[in-house]
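Encoded as structure tokens, the structure appears first; notes follow it.
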Amino acid sequence: MTKLALAKHPDFPGVEGPVLVVVMDGVGIGRRDDYDAVWLARTPNLDALTADARVPSLALAAHGRAVGLPSDDDMGNSEVGHNALGAGRVFDQGAKLVNEAIASGALFEGEAWRRATARVRESGEPLHFIGLLSDGNVHSHLEHLFAMLRRAAREGVARARVHALLDGRDVPETSALEYVDRLEAVLAELSVDGRDYRVASGGGRMIVTMDRYEAEWAMVARGWDLHVRGQGRGFGSLREAVATLRAQTGATDQNLPGFVITEGGAPVGPIRDGASVIFFNFRGDRAIEITRAFEEDAFDAFDRGPRPDVLYAGMMQYDGDLGLPRTFLVQPPAIDRSLGEHLAHAGVTQLAISETQKYGHVTYFWNGNRTEPFDAARERYVEIPSDTLPFEERPWMKAAEVCDRLIAELKSGAHRHARVNFANGDMVGHTGHRDAAAIAVEAVDLCLGRLLPVIAALSGAMIVTADHGNADDMAERDKKTGAPLADERGRVRAKTSHTLNPVPCHVYAPSVSLTAAPGIERPGLANVAATALHLMGFAAPDGYHPSLVRGAR
């Protein structure tokens, strides 16, 4: 028997119809208070699932060690969440892998780091670092940047430039100056003995550089102009830029306009021939497009003008299928034997569907960081184009359109397994608008209400869960007391980041009798894959976390 062969379940033949996994992105189990948009939302369908004794319902761990992050103080995110959902096991993820590579010295002993530093020592050009200035540990961690800056100084790199993307999304929405001060202190510490280490450019992460899934290439074009060409509004320092742009625009950190740091009217750090560039985010989805701009010869997403001759490296390889980037500092997790791969090997038909904002999550991340289908003849990937308007102004997003297409696909009888991501709870939760987030959750619940009778009519099953929390807590809180924090005007500070809360899981299969499986210690997202296989009549493969249910016809 091959490693990918699926055995029939010894006790349960599976449901007759399709087995659907619904990921309600960013919908966790919160405190049930005035800042829990999930609890405030009208959710009759989720409430009915919770109350139905025939539907096994439980809470799943979706953060920290349960999804391969360094500690249980680390919030989950959509990337690692979908990795765990699709892999059926927990793999060490980007943050943990980078921590270990820095601590062991492996990052600095690798060929990518050695080539990057050797190039700039020879050319005299700066070593450039581009990435998210944050300790959110979702896309990056500023301690990784600090470690590389300090190592570069020890290795004789005379000049370094940082292109700082501001967070306010995985961390408090106006926390940037805390990170600015820490960065400036490190740069000042290192700018001695003839070294010149400075900030060169920056901007809010939702305005500059960090687009994903080709939703808005103009973001990347703005970043290219700022980082590479040094073209943009000039300021004397990073702190001055943040403070001035906040006062003038009223924007939170993630939405601050781009800027360059200048001296004597000239930019201090355009990227030129002979430089090395390290993109220090470890997460891939918002790193791929800027990587393409640096690496692709035939590039037409925007007019990038002359492309400088640089050595470009990512913290990790962001897309193994596409080989992007060619050079990277830390090996990404090697996720094999995913649910999708097992089903493809068994000849099982599959559907993956979402709107653009989460399309890569139900495909690339679900499949263990693989872009292409395992079996194109038996897998269908459907992307519903997202709006480009602010999410708080359209909290329903494309949930109805996704649901329309999903129902049509299910009724076609073409798919034994399907997975769908409703992006609303996460994308609207990140805006910090509580009432909009509640509407977002209601939009998803309406879709559940449409799907439940379809699944029942098809004698199928539906696992309803989430990849992490977000909309379930829309207030920044005191870490000791849990009380909401207020700003200088006495208003509760909006929370835009993910939470550490567990997520719901309901297993609906009205044509069979299901009970919760006993004895599972700390059930988590990795248990969902075996549960889906169980409902299709397959035993869990070796090493998979066990099914959450027991079933009988």
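Going by this note's numbering, the first residue of the sequence shown is number 83, and it counts up by one from there. Glycine included, every Cβ here is placed at the ideal spot set by N, Cα and C.
What are the uninterrupted segments assigned as beta strand (DSSP E) that are 3 or more residues long and contained completely in the segment 520 to 581, given in chain order? 543 to 547
When DSSP labels each residue in this structure, what does ALA357 get in the three-state scheme? coil
Which listed residue (VAL104, GLN330, VAL350) has its alpha carbon closest to that of GLU207: Nearest to GLU207 by C-alpha distance, out of VAL104, GLN330, VAL350, is VAL350.
Decide yes or no for the touch test of the segment 410 to 420 against the segment 165 to 173: beta carbon pairs closer than 8 Å, at least 3 of them. yes
Close Cβ partners of ILE521 (< 6 Å) along its chain, the five nearest in sequence each way excluded: Excluding residues up to 5 positions away in sequence, PRO477 lie with their Cβ nearer than 6 Å to the Cβ of ILE521 in the same chain.
Secondary structure of PHE473, DSSP reduced to three states: Residue state, collapsed to three classes: helix.
Taking the alpha-carbon of PHE317 as reference, which of HIS309, ARG311, PHE384, THR326 has the nearest alpha-carbon? Out of HIS309, ARG311, PHE384, THR326, the CA that lies nearest to the CA of PHE317 is found in THR326.
Closer than 7 Å to a non-hydrogen atom of the ligand FAD - does that hold for the CB of ASP93? Of the ligands one can find in the structure shown there are none, so the ligand FAD has no counterpart to examine.
Taking the beta carbon of ARG136 as the centre, do at least 16 other beta carbons fall within 10 Å, making it buried, or is it exposed? exposed
What did DSSP end up calling PRO92 once you bin it into helix, strand or coil? coil
Please work out which residues of its chain come closer than 8 Å, Cβ to Cβ, to ASN219, disregarding the five sequence neighbours upstream and downstream, and give them in chain order. These residues qualify, in order along the chain: LEU151, PRO152, ASP156, MET157, ALA177, ASP252.
State yes or no: is the C-beta of LEU272 within less than 8 Å of the C-beta of LEU231? yes
Residues bridged to MET288 by DSSP? Its beta-bridge partners do not exist; DSSP assigns none.
Reference SER205; option with closest CA among HIS223, VAL180, GLY238: GLY238
Environment of ARG374 [buried if 16+ CB atoms lie within 10 Å]: buried
Do VAL574 and TYR117 have their C-beta atoms within less than 8 Å of each other? yes
Just to confirm my understanding: we take ARG613, look at its own chain, exclude 5 residues before and 5 after, and list those with CB closer than 7 Å. What are they? According to the sequence displayed, residue 613 carries Thr and not Arg. ILE545, VAL589, SER629, LEU630, VAL631, listed in sequence order.
Give the range of the alpha helix (DSSP H) segment to which VAL180 is assigned. 176 to 186
Taking the alpha carbon of LEU214 as the reference point, which residue from ASP549, TYR626, PHE228, PRO623 has its own alpha carbon closest? Closest by alpha carbon: PHE228.
Nearest by alpha-carbon distance to VAL359: which of GLU345, GLY276, ALA234 is it? Of the candidates GLU345, GLY276, ALA234, the one whose C-alpha sits nearest the C-alpha of VAL359 is ALA234.
Measure how close the beta-carbons of ALA240 and GLY276 come, nearest whole angstrom, since I'm counting them as under 8 Å. In this structure, ALA240 and GLY276 form a Cβ contact; the two beta carbons are roughly 6 Å apart against a cut-off of 8 Å.
Within 10 angstroms of the Cβ of GLY163, are there 16 or more other Cβ atoms? Answer buried if so, exposed if not. buried
Can you check which of these residues, GLY110, ALA576, VAL324, is closest to TRP121 by C-alpha distance? GLY110
Do three or more CB pairs link the segment 397 to 406 to the segment 483 to 497 at distances below 8 Å? Short answer: they don't touch.
Run of the alpha helix (DSSP H) containing SER160, from where it starts to where it stops: 160 to 169
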